[in-house]
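Have a look at the structure below before the remarks.
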DNA sequence: ACAGTAACCTGTTTGC
DNA sequence: TGCAAACAGGTTACTG
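In this note's numbering, the protein residues as written are 5 to 274.
Written as structure tokens, this is what we have:
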């Protein structure tokens, strides 16, 4: 569910309240997530100070002096800042309790995860093979072009491949391809270097704008203060099947690629 | 090495 | 109204 802008929005929503705070208690009500929460997580985390909160791909990294908590929201995960005494609801699986405030992890589908590493996070098995961050200069039209040369998969599945570039999920993949004027079905190795420059720029501008607007709220994403994101008002194609294209008024088409919905304008994208 | 599929879960929407 | 099927923003393991 949450793609990079939603994860980054979540990070920005909790950072001021939690950086420099010490974990008083870790409450685990359900340890069976995408991967089981390590049994010793409370022992590792309690009495540790959160020195900083970073992000790699869609993982949030809570850095302490002895290790790092890796937290992924999966499809339906959500983090909120709450009063520590607030009663837990059905899918409230974990609380990190600080002084006067707690961070609550809620995840109905349980595709999220909480993992601990006491070595360099970037060496962790879940992070070590990830591709470049889309908003950094290590990702650009040339890196995308290079990665595409030996792939004949549809371009949409290539930009959603975390080995190529991280953070681009189902919504923003369709949106970026629309902005770049590229059909989602086109084989990756049949796109010019110049068009890859445009696609890399489209990915960056789409993600930047979505972060600026607090992410996209379709069903269940909310910022940590409970407000929805507002980027859904900017969507050109996603979830707009049969509606008129914002550029040419032709109806937006919906297809399935790799078991995921794709939306595009057959008139504007080639 | 890559492409395609199934799998992990639950809640909501759609269709008969 | 009731029930079953389809579908949902992510990622990995497995097969061919």
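Ideal Cβ placement from N, Cα and C applies to all residues, glycine included.
Under a Cβ-count criterion, where at least 16 other Cβ atoms within 10 Å of its own Cβ denotes burial, should residue i be classed as buried or exposed?
| i | result |
| --- | --- |
| residue 99 | buried |
| residue 7 | buried |
| residue 274 | exposed |
| residue 39 | exposed |
| residue 117 | buried |
| residue 9 | buried |
| residue 218 | buried |
| residue 252 | exposed |
| residue 12 | buried |
| residue 17 | buried |
| residue 188 | buried |
| residue 77 | buried |
Out of the options, which one is the CA nearest neighbour of residue i?
| i | options | result |
| --- | --- | --- |
| residue 24 | 264, 113 and 68 | 68 |
| residue 171 | 195, 143 and 274 | 143 |
| residue 209 | 229, 184 and 160 | 184 |
| residue 146 | 224, 52, 58 and 169 | 169 |
| residue 250 | 268, 133, 117 and 92 | 268 |
| residue 212 | 179, 119 and 226 | 179 |
| residue 113 | 79, 46, 164 and 153 | 79 |
| residue 22 | 37, 36, 203 and 83 | 83 |
| residue 181 | 196, 202 and 193 | 202 |
| residue 70 | 64, 34 and 45 | 45 |
| residue 101 | 199, 137, 54 and 176 | 54 |
| residue 137 | 224, 191, 59 and 214 | 59 |
| residue 275 | 222, 151, 237 and 228 | Residue coverage of the chain in this structure runs from 5 to 274, which leaves residue 275 outside it and unanswerable. |
| residue 81 | 73, 89, 72 and 63 | 63 |
| residue 226 | 85, 261, 104 and 41 | 85 |
| residue 49 | 36, 245 and 32 | 32 |
| residue 93 | 214, 34, 28 and 265 | 34 |
| residue 235 | 30, 247, 158 and 222 | 222 |
Using the DSSP secondary-structure output, state which residues sit across from residue i in a beta bridge.
| i | result |
| --- | --- |
| residue 51 | BP columns for residue 51 are empty, so no partner. |
| residue 107 | 85 and 100 |
| residue 40 | 36 |
| residue 58 | 65 |
| residue 29 | 101 |
| residue 70 | Its beta-bridge partners do not exist; DSSP assigns none. |
| residue 125 | In the DSSP output, where bridge partners are listed per residue, residue 125 has none listed. |
| residue 118 | 75 |
| residue 80 | DSSP, once it has assigned bridges, lists no residue as partnering residue 80. |
| residue 253 | Paired residues: none, contrary to the question. |
| residue 248 | 255 |
In the structure shown, what three-state DSSP assignment does residue i receive?
| i | result |
| --- | --- |
| residue 63 | strand |
| residue 237 | helix |
| residue 75 | strand |
| residue 9 | helix |
| residue 46 | helix |
Along the beta strand (DSSP E) that carries residue i, what are the first and last residues, could you check?
| i | result |
| --- | --- |
| residue 162 | Element bounds for residue 162: not the beta strand (DSSP E) but the alpha helix (DSSP H), 159-163. |
| residue 258 | 257-261 |
| residue 264 | 264-268 |
| residue 90 | It is not in any beta strand (DSSP E) - residue 90 carries neither H nor E in the DSSP assignment. |
At which residues does the alpha helix (DSSP H) containing residue i begin and terminate?
| i | result |
| --- | --- |
| residue 210 | 197-216 |
| residue 147 | 145-152 |
| residue 182 | 174-184 |
Can we count residue i as close to the ligand NAD, meaning its CB is less than 7 Å from some heavy atom?
| i | result |
| --- | --- |
| residue 101 | As for the ligand NAD, it is missing from this structure, which has no ligand bound. |
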